[in-house]
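Colleague:
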Amino acid sequence: MKPEGLSEKAASEWEQKNSDAVAIILALSDEQVIQFAAEHNAKILIPKIKSAFTVHVGNLKIDSCNELKNLQMKTKESANVHIARAVRITAKCHSLGLDVSSWKLIFYNVRGLKGKFAKVRDISKTHHDKSIYEILEILREEEACYNSPTSPRAEVTNAGVFIPEKEIPV
């Protein structure tokens with residue numbers, strides 16, 4: 007509701023801010039605009055949108071957590087793609103207000119490794135000071151050895167060649 011007793015200038019500013027807020031809110035998507043298009047007051051519109059999407063956000067949080075916890079390397083997926091997918095899921099969790107530590111990101115990532123990366127998974131389990139980017143480098147080395155047509159498949163034996171990072175900026 008528009009406050010009463012405003013000067014002409016303050017009333018004009020309020021109208022502009024209210025109009026801007028309503029425009030931003032209605033820009034959510036075409037389907038959502040139809041649902042809320044009749045409302046022209048931001049103060050009334052915000053609670054309506056909140057109540058309509060509160061359950062939806064809760065479901066997104068659950069789905070995002072499950073997606074991260076059940077992360078598995080897909081068949082013929084490269085290490086880069088696997089790690090990038092995990093970082094995207096983590097970013098989605100963060101945007102929903104969920105705290106995903108770098109340790110959890112590494113844990114779920116390493117747990118999802120299989121096949122040619124089983125050895126890396128075992129090495130990663132014993133080196134808890136590694137960052138996700140160090141794990142990615144180890145995976146890249148293993149992948150290069152595995153995919154090299156000229157050299158026999160080498161085992162990753164020196165996992166301690168990287169300097170650990172403090173925290174992953176996700």
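So the number in the working numbering is just where the residue sits in the sequence shown, counting from 1, plus 6. A virtual CB, placed ideally from N, CA and C, is assigned to each residue, including glycine.
Would you grab the beta carbon distance between I89 and L12 for me? Rounded to a whole angstrom, and I think it's under 8 angstroms.
Modeller: Wrong, their Cβ atoms sit about 54 angstroms apart, outside the cutoff.
Colleague: Excluding the 5 residues flanking A27 on each side, which residues of the same chain have their C-beta closer than 7 angstroms to its C-beta?
Modeller: A48
Colleague: Under a Cβ-count criterion, where at least 16 other Cβ atoms within 10 Å of its own Cβ denotes burial, should K136 be classed as buried or exposed?
Modeller: buried
Colleague: Using the Cβ count rule (16 or more neighbours within 10 Å means buried), how would you classify Y152?
Modeller: exposed
Colleague: Can you find at least 3 beta carbon pairs, one from the segment 116-131 and one from the segment 74-88, that sit closer than 8 angstroms?
Modeller: yes
Colleague: On a CA-only basis, which of L104, L102, I112 is nearest R91? Give me that one, please.
Modeller: I112
Colleague: A85 to L145, Cα distance in whole Å?
Modeller: 6 angstroms
Colleague: Do A102 and V63 have their C-beta atoms within less than 8 angstroms of each other?
Modeller: According to the sequence as given, residue 102 is Leu; it is not Ala. In contact: L102 and V63 (Cβ atoms closer than 8 angstroms).
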